[in-house]
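Residue numbers (the working numbering): 353 to 505.
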Amino acid sequence: MITQAEDWKNKYVLTASQAGKIRFAGIIHTNQILAVNQEVFYINSEDEQFFGEMAISQNSMGKIKEGQEVLVKLKSYPFEEYGMIRGTIIYLSEIPKDSIFTSVVNFKVTNSSDQNKPILLKQGMMADADIITQDATIFQRLSWNVLKAFGSN
């Protein structure tokens, strides 16, 4: 009798190894047949902190370090209207995968942008990011470009 109950549970009940909120991985219908190991949902812990994953090309890797500030522009919230979310690089991979390095960005504020407009972060949101590799004024940056132009001739 116990074996039959365990078999039924293994066949018809989805269980998770941790507590949290369920986020469905797609649309699920009543009586839908699921494949073995099919992703049905994800579980987010209640105290989960949002973070960003950033892909960094080989060409940019030399200037990027942990601790640098990142300006994140979410595609779902136009930065011209909502502003940007500020973050800090807290991890930088040592080895590339398919010529791309991975970094993790910890967001400083997760419910509003630098313009204090409300932003609702969700898993899987896409964004563009600018990494501040060196603090400099606009005049300094223009000077570097002029010197670079004259130096290359």
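Glycine residues also receive a C-beta, built at the ideal position from the N, C-alpha and C atoms. Only a predicted model underlies this, so the values are computations on that prediction, with no experimental measurement involved.
Spatial neighbours of F403 in its chain, beta-carbon cut-off 7 Å, leaving aside the 5 residues before and after | V456, V457, N458, F459
The beta strand (DSSP E) spanning K425 covers which residue range?
-> 421-426
By how many angstroms is the C-alpha of N389 removed from the C-alpha of I354?
-> 24 Å
Inspect the CB distances between the region 366-374 and the region 382-397 and report whether three or more fall short of 8 Å.
-> yes
Looking at C-beta atoms only, is the number of pairs between the region 438-452 and the region 420-428 that lie closer than 8 Å three or more?
-> yes
Beta-ladder partner(s) of Y443, from DSSP | V456
Extent of the continuous beta strand (DSSP E) run through K373 | 373-376
With DSSP collapsed to three states, give me the class of M476.
-> Correcting the residue identity first, residue 476 is Gly in this sequence and not Met. Note: G476 maps to coil in three-state DSSP.
Span of the beta strand (DSSP E) holding Y429?
-> Element bounds for Y429: n/a, residue is neither H nor E.
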